[in-house]
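Report on one structure; see the data block that follows.
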Amino acid sequence: MLITEIRDYLGSIFSNIELHGSGETLITGPAKIDEAQAGQVSFIANEKYLRYLADTEASLVIAGSSVPLESVAQGTSVIRLADPYTAFMLLLQKFSRPRTVAAPGIASTARIGRDVTIGNNVSIGNYAVIGDRCVIGDNSVIGAHSVLLQDVAVGSHTVINAHVTCYDGTVIGCRVIVHSGTVIGADGFGFAPQQDGSYLKIPQLGNVEIGDDTEIGANVTIDRATMGSTVIGKGVKIDNLVQIAHNCRIGDHTVIAAQAGISGSVTLGRFCMIGGQAGFAGHLELADRTNVAAKSGISKSFSEPGISLRGYPAQPMREQLRLEALQRGIGSMKERIEALEAEMAQLKSR
Amino acid sequence: MLITEIRDYLGSIFSNIELHGSGETLITGPAKIDEAQAGQVSFIANEKYLRYLADTEASLVIAGSSVPLESVAQGTSVIRLADPYTAFMLLLQKFSRPRTVAAPGIASTARIGRDVTIGNNVSIGNYAVIGDRCVIGDNSVIGAHSVLLQDVAVGSHTVINAHVTCYDGTVIGCRVIVHSGTVIGADGFGFAPQQDGSYLKIPQLGNVEIGDDTEIGANVTIDRATMGSTVIGKGVKIDNLVQIAHNCRIGDHTVIAAQAGISGSVTLGRFCMIGGQAGFAGHLELADRTNVAAKSGISKSFSEPGISLRGYPAQPMREQLRLEALQRGIGSMKERIEALEAEMAQLKSR
Amino acid sequence: MLITEIRDYLGSIFSNIELHGSGETLITGPAKIDEAQAGQVSFIANEKYLRYLADTEASLVIAGSSVPLESVAQGTSVIRLADPYTAFMLLLQKFSRPRTVAAPGIASTARIGRDVTIGNNVSIGNYAVIGDRCVIGDNSVIGAHSVLLQDVAVGSHTVINAHVTCYDGTVIGCRVIVHSGTVIGADGFGFAPQQDGSYLKIPQLGNVEIGDDTEIGANVTIDRATMGSTVIGKGVKIDNLVQIAHNCRIGDHTVIAAQAGISGSVTLGRFCMIGGQAGFAGHLELADRTNVAAKSGISKSFSEPGISLRGYPAQPMREQLRLEALQRGIGSMKERIEALEAEMAQLKSR
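Protein chains in written order, with the working numbering: chain L, 24 to 373; chain S, 24 to 373; chain V, 24 to 373.
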């Protein structure tokens with residue numbers, strides 16, 4: 024796209040947009056401000072990157088309305104508008120080449136079971152295995168080597184990347200993305216202890232249901248319910264290597280960072296943010312908009328919406344930060360005790 | 024099954040069993056007490072669920088011998104006996120449809136190496152790859168896309184789900200279940216530091232041995248030994264995303280929750296319970312029946328059987344809980360120091 | 024190899040090497056000193072294993088120059104030299120059978136895309152899928168079921184084990200080893216929050232680049248950059264189940280233990296050692312030769328090379344260990360406060 028075309032495209036979405044410098048350069052792709060080459064577009068959404076404006080090699084920078092233009096590098100044009108971050112995200116989408124997860128149509132090497140229903144414009148990759156009675160909605164893509172056992176339902180416009188495993192009965196919504204190596208619907212970890220100390224496997228009869236517009240990272244595990252369903256809501260975002268145990272319910276638009284572990288029968292509200300490597304005891308509940316700091320260990324329910332939690336056992340952020348500050352200051356407490364003891368000894372010796 | 028058939032089945036196992044209400048309803052499946060519909064059976068094994076008895080829609084509830092029957096919902100029958108939990112687990116197995124991990128027989132798309140020995144009634148799924156000299160016992164199932172490298176031995180009645188990888192020389196017992204995405208026998212993480220700061224790979228010549236009746240979750244990693252074997256005992260239960268490093272020995276009937284990490288050459292006793300996200304330093308040993316709390320970091324051996332550990336570095340539960348209570352009370356300690364300082368200043372000013 | 028052949032092989036590398044005992048026994052493999060059988064070679068590199076010398080069944084033990092020979096078991100020969108550990112590692116390589124990740128040549132069931140370039144002596148396993156325009160260097164091996172999407176470049180002498188997924192545009196160097204279940208180049212976890220609380224996916228346009236001589240464990244996830252590249256340096260060693268987020272840069276010869284999680288845009292220096300289950304906040308930087316203790320949580324950058332970090336939030340080792348000691352001693356501090364309070368009450372009552 025020419026710079027003038029980018030200006031016109033952004034101008035069709037944002038008001039008060041200004042182009043400074045030449046509009047005739049051809050922009051071939053995006054780059055970070057400190058790595059951009061001639062022909063690339065970059066952005067500044069944070070004051071601390073302003074210093075790069077003077078010597079970036081980007082041909083175009085998207086920046087905030089008040090960004091000063093005096094020191095901009097020669098040969099660099101600037102588009103100024105109120106929300107440069109969102110503007111740049113939209114440009115990223117313009118420059119994004121769609122990945123070919125699977126070639127159009129059903130690969131000749133894919134194995135399709137009996138009574139499978141496949142929508143229009145579905146792509147199924149090499150060596151994919153689709154079990155009996157599966158349903159795949161219009162425009163969805165199943166990557167190479169993915170395995171759907173029996174009775175799996177996939178909505179429309181959903182992308183299952185290569186090497187995903189869905190156990191029997193899994194239900195996946197529309198516009199969902201599942202990355203490689205993820206296993207959905209394996210048996211929950213349920214065992215009844217026997218008198219001799221060994222364990223009896225509790226049959227896991229339920230399934231997993233995943234809502235529309237959810238994205239699930241790589242090598243994630245989401246276990247099927249013992250009875251009923253493990254439920255992932257709509258618009259949920261799950262990072263790599265996350266564990267979600269049987270019978271969990273994850274509320275709509277909740278975000279879970281990498282390597283977090285959600286134990287069995289936990290219910291998370293909507294719009295929560297769960298930090299990386301956080302862990303949860305079983306059977307607890309968090310209200311909507313709860314934030315959990317990375318590495319926290321949640322040991323009980325918190326019913327008030329909108330709070331932030333941290334620590335192990337986790338407590339509301341303010342109390343926890345105050346406690347941690349006190350704990351870091353323990354050295355000076357010890358010194359004050361020593362000083363008191365010295366003064367006391369002196370007083371008593373009089 | 025009719026309710027009377029369920030009563031007769033449970034009556035053949037348990038004594039002192041009583042049916043209250045109609046026995047003629049057909050029960051089609053199990054459900055949780057708060058989600059059950061007409062035609063379903065549920066259970067109450069915990070007093071706090073008693074309140075559901077009045078308005079459940081379940082046609083049958085399995086409950087304890089002393090559960091009061093006055094307020095039971097109309098149309099709901101009750102079977103009372105001493106151990107409703109185990110009784111319901113047995114019913115779950117009755118209603119469990121076996122999953123078809125692979126259709127009977129050897130899929131035409133499976134690749135079988137040379138000198139492979141396959142028992143009676145074995146199922147091997149689509150695109151499975153079985154290396155030279157593998158041995159697969161009677162009635163075992165190898166899921167679609169699973170890869171067994173050379174010289175892998177699988178016992179009888181074992182289920183390897185789809186997308187499992189077993190490196191060369193892995194030995195798996197009888198009645199074992201391995202879930203999808205799990206990698207058994209990859210190289211241990213062993214490198215000899217060189218003088219220039221780089222690392223020389225230490226060959227990993229050993230293998231992994233997995234005992235009978237063990238269940239291994241999804242996306243687990245169990246590394247082969249440098250020499251000898253990494254040994255998983257009998258009846259061990261390993262949850263998703265667990266890491267077991269080279270040369271570990273996990274005792275019989277030990278349970279390891281999700282995302283725990285066991286470093287190299289650790290020996291765990293029998294009947295241990297390891298919490299989620301717990302971590303172990305290398306080369307240490309825990310006695311039989313050791314419990315490790317979630318997120319603990321075990322930094323040394325504990326040779327006394329039956330203890331519970333918690334914290335990082337972990338110590339026996341009672342000491343650790345006492346320490347954590349003291350640490351949470353640090354704010355009041357600070358206030359007491361301040362009060363003492365004020366009193367001291369007053370005393371001295373006299 | 025005969026013992027004399029082993030002596031001659033080690034003598035060609037090390038000086039001051041002495042053989043004690045018979046040289047005519049045939050050595051068939053290596054074993055640990057406490058498990059070795061007749062016909063096996065073992066080693067002692069640590070004084071605490073000296074006690075095994077008296078009753079080992081090994082036919083040959085590699086030991087340090089000053090190891091006493093009086094009490095050596097009958098039938099056991101000893102080779103003494105200055106560095107028995109490295110000597111034994113070299114013997115391990117001698118006895119190592121190369122694993123057959125894929126039979127020589129391209130399996131008839133592998134699917135090769137258009138415009139793919141394959142070097143000399145490449146092996147590609149059953150059901151591997153190689154996307155359009157991939158390049159695979161000489162002597163490299165692609166395991167069964169591995170999937171390379173479009174435009175993936177693999178150097179020479181590299182081994183991609185079974186069940187690895189490389190997304191489009193991944194670049195892998197020479198002499199790299201990637202273990203099973205690992206996913207390279209999945210989308211980074213980037214979402215722009217919208218006013219209604221939902222998230223807009225930020226396109227992930229970059230790729231992953233992996234340097235020469237790197238080894239990556241099983242079920243690892245390394246995400247592609249949003250723009251530019253996620254870069255793994257040369258000689259890096261990554262253990263199982265590690266998460267490396269988008270836009271990270273891992274310096275040469277850095278070692279990362281199992282289940283560690285590196286958040287987005289983190290830069291690690293060269294020769295760092297990262298402990299298991301350690302976690303990193305985003306956008307921070309560690310200098311060369313930084314050591315991070317297991318389970319630490321790194322919350323800010325540390326620019327001084329060669330330091331050790333521990334704790335959450337992590338700080339330099341010495342301060343952290345001092346802080347932890349003070350925190351463990353909080354019980355005695357409380358007792359001292361109580362004693363002071365009693366003394367104070369006594370003083371005031373006078």
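Just so it is clear, CB atoms sit at the ideal spot from N, CA and C, and this is done for glycine as well.
Inter-residue spacing [alpha-carbon to alpha-carbon] between residue i and residue j
i	j	result
L:Y335	L:Q266	19 Å
L:Y150	L:A133	4 Å
S:I183	S:V201	5 Å
V:S45	V:G98	8 Å
L:G305	L:P339	19 Å
L:P53	L:A81	9 Å
S:Q63	S:Y75	15 Å
L:E327	L:L309	8 Å
L:G160	L:D138	14 Å
S:L346	V:R351	7 Å
V:E342	L:I297	30 Å
S:I285	S:C271	8 Å
S:I388	S:G287	Nothing about residue 388 of chain S can be reported from this structure: the residues present for chain S run from 24 to 373 only.
V:A368	L:E364	14 Å
V:K257	V:D235	5 Å
S:C157	L:V158	36 Å
V:F66	S:R247	20 Å
S:D106	S:G87	6 Å
S:R373	V:K371	11 Å
Coil, strand or helix - residue i by DSSP
i	result
S:D246	strand
V:S355	helix
V:Y260	What sits at residue 260 of chain V in the sequence shown is Lys, not Tyr. Strand.
L:Y150	coil
S:I360	helix
S:A316	coil
S:S372	helix
L:E342	helix
V:Q227	coil
V:E93	coil
S:Y222	strand
L:E238	strand
Host beta strand (DSSP E) of residue i (start-end)
i	result
V:Q338	337 to 339
V:V175	Looking at the DSSP string, V:V175 is not in any beta strand (DSSP E), and its letter there is neither H nor E.
L:T253	252 to 255
V:G329	It is not in any beta strand (DSSP E) - V:G329 carries neither H nor E in the DSSP assignment.
S:H43	41 to 43
S:L104	100 to 104
Terminal residues of the alpha helix (DSSP H) in which residue i lies
i	result
V:L114	107 to 118
V:E28	26 to 34
Selection from the options that minimises the alpha carbon distance to residue i
i	options	result
L:G213	L:L307, L:V175, L:M250, L:L344	L:M250
V:L332	V:R351, V:G220, V:G160, V:G302	V:G302
S:E41	S:A110, S:L291, S:T51	S:A110
S:T51	S:V187, S:D78, S:R272, S:L25	S:L25
V:R122	S:S319, S:G229, S:R103, S:L92	S:G229
L:E93	L:V243, L:D78, L:S252, L:G192	L:D78
L:D275	L:H269, L:Q282, L:A281, L:T290	L:T290
S:I233	S:E58, S:G178, S:I165, S:G329	S:G178
V:P216	L:V243, L:Y108, L:G142	L:Y108
S:A130	S:V124, S:G148, S:K318	S:G148
Inset, instruction - Say whether the region 257 to 264 of chain V touches the region 224 to 244 of chain V, bearing in mind that this needs 3 or more beta-carbon pairs closer than 8 Å, one atom from each stretch. - result: yes
Legend entry - Segment contact, 8 Å Cβ cut-off, at least three pairs: the region 104 to 116 of chain V with the region 221 to 238 of chain S: Touching, yes, given that three or more Cβ pairs across the two stretches are closer than 8 Å.
Inset, instruction - Determine, using beta-carbon pairs with one atom in the region 167 to 177 of chain S and one in the region 151 to 159 of chain S, whether at least three such pairs fall under 8 Å. - result: Touching, yes, given that three or more Cβ pairs across the two stretches are closer than 8 Å.
Inset, instruction - Kindly confirm or deny that the region 65 to 72 of chain V and the region 27 to 43 of chain V touch, where touching means at least three C-beta pairs closer than 8 Å. - result: no
Inset, instruction - Spell out a yes or no on whether the region 307 to 323 of chain V and the region 288 to 295 of chain V are touching, meaning 3 or more CB-CB pairs, one atom from each, closer than 8 Å. - result: Counting Cβ pairs under 8 Å, three or more are found: they touch.
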